[in-house]
Amino acid sequence: MPSRHARSHRTARWATALIASTLFPLSAIAQVVTYTFTQNAQTELTNGAYLTGTMTVDYSLMGSSRITSASLSVTAPTAVSFGIGDLGYFSTYSNTVCGVARTFDEAYFSASGYSLYLDVAQDNLNAPIPGNSGVHTSLRDPGFTLYTLANSCVTYNNPTPSPAPSGSGVYASADAQGNQPGLNAARVIDATTALSALFTGLSTDAQVSGALTQTLPLLTGGSHMATRDALSGVNRVVQARAAFNRGLSSGDGFAGDRHVWMKPFGTWAQQDDRNGVSGYGADVYGMVGGVDVDSKTDLKWGAALAYARSRVDSNSTVAAQRADVNILQLIGYGTYRMTEQTDIRFQADVGRNATDGLRSIPFASVAAASKYNSQAVHLGVALDRHFALGPRTRVTPSLQLDYTHIRDDAYTETGAGLLNLQVQARSASALDLGFITQWRHDYTDATAVLADAGVTYDLRNSATRITAAYAGAPGASFVTEGIRPGAWGTRLGLGVVHQTRQGAELIGRVDGEYRKGFHSHSVSLKARWAF
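In terms of our numbering, the sequence shown is residues 222 to 752.
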């Protein structure tokens with residue numbers, strides 16, 4: 222497709238065109254304008270060609286879809302016709318023409334090797350340029366001969382593109398406000414009379430864009446991320462248990478054949494807004510309990526059951542949303558000693574999550590409630606290498622790989638009428654590669670200080686995506702893209718372990734995780750005893 226820059230060298234000439242009809246002023250929400258071009262001196266092109274026909278523009282639509290019909294002809298040495306099927310693009314820009322600043326629409330058509338540019342001044346109905354309607358056209362034939370309008374007024378000088386005018390639909394208002402997550406939904410709303418009617422009482426772009434955000438899926442699809450973060454917190458608790466060999470994780474070595482342990486924990490996470498998508502805050506509280514078994518071989522293993530409850534609230538000030546997630550996981554873990562200095566750790570778990578969501582939609586005085594279940598799978602493996610820095614100090618570098626997969630069931634909201642969402646099932650996964658170094662120093666035979674630090678990288682690092690349809694337009698699905706989390710992460714942890722005279726172990730830890738735009742902190746307290 223020829224670019225505007227490629228044609229900026231040519232001399233542009235202006236002529237008069239007859240404007241047939243318009244039903245609404247250009248500032249209205251709904252407007253349809255039909256431009257009619259008749260063969261006369263004002264539509265004469267160089268080399269004896271003329272532009273004739275009609276083009277209808279619906280300013281309530283966006284992009285190329287604005288042109289709803291076109292039947293144009295150019296009488297060149299060989300006549301050529303252009304229809305709606307020949308439309309290449311439709312764009313908007315601003316420029317000063319004949320000393321007056323104007324906003325122009327440009328349509329590009331291509332057929333049979335001919336290229337037609339047709340430019341129309343949006344305000345030519347209210348303030349036409351004297352002796353000129355604001356229409357600029359040019360034609361290039363297959364031999365690259367250029368035909369321009371014979372009646373000249375001024376020359377174009379590389380017009381600068383500008384955003385589409387606001388006030389022409391929900392899409393335009395969202396685009397003007399930079400509401401990228403809502404653009405696909407806005408197209409559906411603009412094309413559905415019953416839905417677009419809900420927005421007619423809103424007078425500014427900010428109000429329309431804010432109302433659109435209220436109609437988007439729960440947490441803009443971010444509930445997946447929040448659930449994944451909660452599961453990661455549970456997994457880190459168990460990973461600490463799996464590193465029990467040689468007392469390398471908080472004094473978690475086996476003193477007998479079997480031990481039972483319990484570990485309550487709490488996690489507080491904050492995801493910042495990114496790329497126009499609202500983030501969230503999450504509070505997670507839970508309990509993990511398990512049994513360790515020493516098989517008297519190089520293999521040590523255990524099993525655990527975890528329950529956690531997560532409360533997730535959107536950061537948005539215009540679209541209050543929340544999700545309550547109940548998490549249940551069954552976990553198996555273990556360590557295999559390869560050499561005196563090298564171990565392999567492994568973990569596998571499956572889980573089921575139940576989510577209750579609520580989207581507040583104040584502009585329509587309704588709220589949308591949802592209930593759905595999710596299935597989660599996690600597999601992890603780590604290679605540990607142990608080094609003694611002294612009789613009481615040990616360091617263990619560890620290379621880790623963790624895969625997490627979450628699948629949400631489909632669901633339909635209730636309580637919001639036409640704005641209820643029918644949400645399709647979806648899946649998301651992460652593959653985290655990490656390098657973590659653990660450090661332990663025994664101050665006494667009963668008390669030790671622990672620390673670990675490292676970096677992780679998500680090899681998949683994909684944005685959350687959710688496909689849904691409004692109850693008011695069930696056949697028109699749209700995709701909402703949420704936050705793409707930072708790929709690189711940092712983990713830090715500190716802990717103290719103490720063994721009582723009765724043989725029980727008490728361990729307290731503080732841990733943190735940091736990614737671009739995200740941070741979480743957790744505390745835990747573990748008790749472990751033999752049976």
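No residue lacks a Cβ here, since even glycine has one placed at the ideal position from N, Cα and C. Treat the numbers as computed from the prediction; the structure is a model and nothing was measured.
Simplified DSSP assignment, three categories, for M446: As a position in the sequence shown, residue 446 is number 225, starting the count at 1. Here M446 sits in helix by DSSP.
Which residues DSSP lists as bridging R730, in chain order: Looking up residue 730 in the sequence shown gives position 509. G716, S745, per the DSSP bridge assignment.
I need the straight-line Cα distance from N547 to D577, nearest angstrom please. Your numbering for residue 547 matches position 326 in the sequence shown. Your numbering for residue 577 matches position 356 in the sequence shown. Approximately 9 Å, taken between the alpha carbons.
Is the Cβ-Cβ distance between T488 and V505 less than 7 Å? Looking up residue 488 in the sequence shown gives position 267. Looking up residue 505 in the sequence shown gives position 284. Going by C-beta atoms, T488 is nearer than 7 Å to V505.
Using the Cα positions of S741 and Y735, report the straight-line distance between them to the nearest angstrom. Working through the sequence shown from its first residue, we reach residue 741 at position 520. Working through the sequence shown from its first residue, we reach residue 735 at position 514. Answer to the nearest angstrom: the Cα atoms are 7 Å apart.
Going by beta carbon distance, what residues of the same chain come within less than 6 Å of S619, once the five residues before and after it are set aside? Here residue 619 corresponds to residue number 398 of the sequence shown, with the count starting at 1. The residues are A603, D605, I657.
Pull up the DSSP beta-bridge partners for R580, would you. Position 359 of the sequence shown, counted from the first residue, corresponds to residue 580. For R580, which the question treats as bridged, DSSP gives the partners Q542, A589.
Using a 10 Å radius around the Cβ and a threshold of 16 neighbouring Cβ atoms, would you call M559 buried or exposed? On the sequence shown, position 338 is the one that residue 559 refers to. So M559 ends up on the exposed side.
Based on DSSP bridge pairs, tell me the residues matched to Q550. Numbered from its first residue, the sequence shown carries residue 550 at position 329. BP columns for Q550 point to A527, G572.
Nearest by alpha-carbon distance to L727: which of T668, T413, A689 is it? Translated into positions along the sequence shown, residue 727 becomes position 506. When only C-alpha atoms are compared, the closest one is T668.
Put S229 into one of helix, strand or coil per three-state DSSP. Position 8 of the sequence shown holds residue 229. With a pLDDT of 33 at S229, under the threshold of 50, the predicted position of this residue should be treated as unreliable, and no value is reported.
Taking V301 as part of the beta strand (DSSP E), name the residues at either end of that continuous run. Here the question's residue 301 lines up with position 80 in the sequence shown. Start and end: 301-304.
I'd like to check one pair, G738 with D493: are the Cβ atoms closer than 7 Å? Against the sequence shown, residue 493 aligns to sequence position 272. Against the sequence shown, residue 738 aligns to sequence position 517. In contact: D493 and G738 (Cβ atoms closer than 7 Å).
Which value, in whole angstroms, describes the spacing of the CA atoms of V429 and L671? Along the sequence shown, read from residue 1 onward, the residue named residue 429 stands at position 208. Along the sequence shown, read from residue 1 onward, the residue named residue 671 stands at position 450. For V429 and L671, the distance between alpha carbons rounds to 53 Å.
Own chain, CB closer than 8 Å to I565, minus 5 neighbours either side, in chain order: The residue you call residue 565 lines up with position 344 of the sequence shown. Excluding sequence neighbours, I565 sits near T556, Y557, M559, V602, A603, L604, D605.
Where does the unbroken alpha helix (DSSP H) through L433 begin, and where does it stop? Along the sequence shown, one-based indexing puts residue 433 at 212. Run containing L433: 426-435, per the alpha helix (DSSP H) assignment.
Which first and last residues belong to the alpha helix (DSSP H) in which V409 is found? The residue given as residue 409 occupies position 188 in the sequence shown. Looking at the DSSP string, the run of the alpha helix (DSSP H) that includes V409 is 404-411.
Applying the criterion that 16 or more other CB atoms from any shown protein chain within 10 Å of the CB defines a buried residue, is L746 buried or exposed? Working through the sequence shown from its first residue, we reach residue 746 at position 525. Exposed.
In the DSSP assignment, find the alpha helix (DSSP H) that holds A415 and state where it starts and stops. Taking the sequence shown and counting its residues from 1, the one referred to as residue 415 is at position 194. Unbroken alpha helix (DSSP H) run through A415: 414-417.
Check whether the Cβ atoms of D629 and D653 lie closer than 7 Å to each other. Here the question's residue 629 lines up with position 408 in the sequence shown. Here the question's residue 653 lines up with position 432 in the sequence shown. Going by C-beta atoms, D629 is not nearer than 7 Å to D653.
Which one or two residues does DSSP pair with K484 in a beta bridge? Numbered from 1 along the sequence shown, position 263 holds the residue referred to as residue 484. Partner(s): V509.
Can you tell me whether G390 is buried or exposed? The criterion is at least 16 other CB atoms within 10 Å of its CB, across all chains shown. By 1-based counting over the sequence shown, the position of residue 390 is 169. Buried is the call here.
Helix, strand or coil at A669 [DSSP, three-state]: Looking up residue 669 in the sequence shown gives position 448. If DSSP states are grouped into helix, strand and coil, A669 belongs with the strands.
Taking the beta carbon of K517 as the centre, do at least 16 other beta carbons fall within 10 Å, making it buried, or is it exposed? Here residue 517 corresponds to residue number 296 of the sequence shown, with the count starting at 1. When all chains shown are included, K517 counts as exposed.
Considering only residues of the same chain and omitting the five flanking positions on each side of P402, which have a CB-CB separation below 8 Å? Along the sequence shown, one-based indexing puts residue 402 at 181. Excluding sequence neighbours, P402 sits near T434, L437, T441, G497, V498, T701, E702, G703.
Where F567 and P583 are concerned, what is the direct C-alpha to C-alpha distance, given to the nearest angstrom? By 1-based counting over the sequence shown, the position of residue 567 is 346. By 1-based counting over the sequence shown, the position of residue 583 is 362. Their backbone Cα atoms lie some 48 Å apart in a straight line.
Let me confirm a value: G454 is counted as buried when at least 16 other C-beta atoms fall within 10 Å, else exposed. Which label applies? Locating residue 454 in the sequence shown gives position 233, counting from the first residue. With 16 or more Cβ atoms within 10 Å of its Cβ, G454 is classed as buried.
Separation of M508 from L600, as counted between CA atoms: Here residue 600 corresponds to residue number 379 of the sequence shown, with the count starting at 1. Here residue 508 corresponds to residue number 287 of the sequence shown, with the count starting at 1. Rounded to whole angstroms, L600 to M508 spans 20 Å at the Cα level.
Could you tell me the distance, in whole angstroms, from the CA atom of F303 to the CA atom of A415? The count along the sequence shown starts at 1 and reaches residue 303 at position 82. The count along the sequence shown starts at 1 and reaches residue 415 at position 194. Each residue's alpha carbon lies about 34 Å from the other.
D396 versus L404 - alpha carbon distance: Along the sequence shown, read from residue 1 onward, the residue named residue 396 stands at position 175. Along the sequence shown, read from residue 1 onward, the residue named residue 404 stands at position 183. C-alpha separation (whole angstroms): 7 Å.
In or out: P695 buried (at least 16 other Cβ within 10 Å) or exposed? On the sequence shown, position 474 is the one that residue 695 refers to. It counts as exposed.
Taking 7 Å as the threshold (C-beta atoms), are A291 and M276 in contact? Residue 276 sits at position 55 when you count from the first residue of the sequence shown. Residue 291 sits at position 70 when you count from the first residue of the sequence shown. Cβ atoms of M276 and A291: closer than 7 Å.
Taking the straight line between their C-alpha atoms, what separation do you get for S336 and A631? Here residue 336 refers to the residue found at position 115 of the sequence shown. Here residue 631 refers to the residue found at position 410 of the sequence shown. Straight-line Cα distance between these residues: approximately 47 Å.
Give the DSSP-derived three-state secondary structure of Y392 in the structure shown. For this step, residue 392 is matched to residue 171 along the sequence shown. Note: Y392 maps to helix in three-state DSSP.
Please return the same chain residues whose Cβ sits closer than 6 Å to the Cβ of A525, not counting the five positions on each side in sequence. Indexing the sequence shown from 1 puts residue 525 at position 304. Excluding sequence neighbours, A525 sits near V459, V509, G511, I552.
Within 10 angstroms of its Cβ, does S648 collect 16 or more other Cβ (buried), or is it exposed? Residue 648 sits at position 427 when you count from the first residue of the sequence shown. When all chains shown are included, S648 counts as exposed.
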